[in-house]
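Position one of the sequence shown corresponds to residue 10 (our numbering), numbered consecutively onward.
Built from N, CA and C at the ideal position, the CB exists for glycine as well.
The model shown is predicted, which means the values in this text are computed figures rather than measured ones.
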Amino acid sequence: MLSYETILTTCTYCGCGCGILLEVLDGRIIGTLPQKDHTITQGGLCIKGWNVHQFIYDQGRLKRPLVKRDGKFTETTWEEAIEEVATKLNRIKEEYGPDSICGLTSARCTNEENYIFQKWMRAVIGTNNVDHCARL
Ligand code: SF4
10 MLSYETILTT CTYCGCGCGI LLEVLDGRII GTLPQKDHTI TQGGLCIKGW NVHQFIYDQG
70 RLKRPLVKRD GKFTETTWEE AIEEVATKLN RIKEEYGPDS ICGLTSARCT NEENYIFQKW
130 MRAVIGTNNV DHCARL
């Protein structure tokens, strides 16, 4: 016998945060429905929201961090990737100064994540060079 359920969650495609119900058939996500009683969006979804489930099982989806070694991307652990980024950012900052670095963030992040990112760029890196894909 097939099992079917819906799981209440939030659309991940942009920062609006529309409420959605993911349709799950036998443990596999098969569709998206709008949350009719969502306080703000009241069941409205844009075309991206209606199709948000489609990337979940996409073969091209990145699931692990990649580093470029000898011109080729290879999988690595989060610890190694973060260590490598931190080392390179520190080297660039020491050699060329904090304003040689800029940070771009994403409309797919929450307001809180974007706030933390710009704070980190200003307080840790020491630059005001921060922007967001919604402005590009
Ligand atoms: S349904 Fe559209 S507007 Fe709503 S969060 Fe998703 S992408 Fe953004």
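Using the Cβ count rule (16 or more neighbours within 10 Å means buried), how would you classify residue i?
i	result
M10	exposed
Q44	buried
C111	exposed
T41	buried
Identify which residue in the options has its Cα closest to the Cα of residue i.
i	options	result
T86	L75, L42, D79, G36	L75
M130	E93, N99, T15	N99
S109	K72, V139, G40, D35	V139
L54	A143, L30, E88, N137	L30
R78	C118, S12, E93	E93
For the ligand SF4, is there any heavy atom lying closer than 7 Å to the beta carbon of residue i?
i	result
K57	yes
Y66	no
G26	yes
Y105	no
L54	yes
C111	no
C142	no
Please report the Cβ distance between residue i and residue j, rounded to the nearest whole angstrom; I am assuming they are in contact, meaning their Cβ atoms lie under 8 Å.
i	j	result
I38	I65	6 Å
E32	T15	6 Å
Inset, instruction - Taking 8 Å as the threshold, find out whether the stretch 19-26 comes into contact with the stretch 45-65 through three or more Cβ pairs. - result: yes
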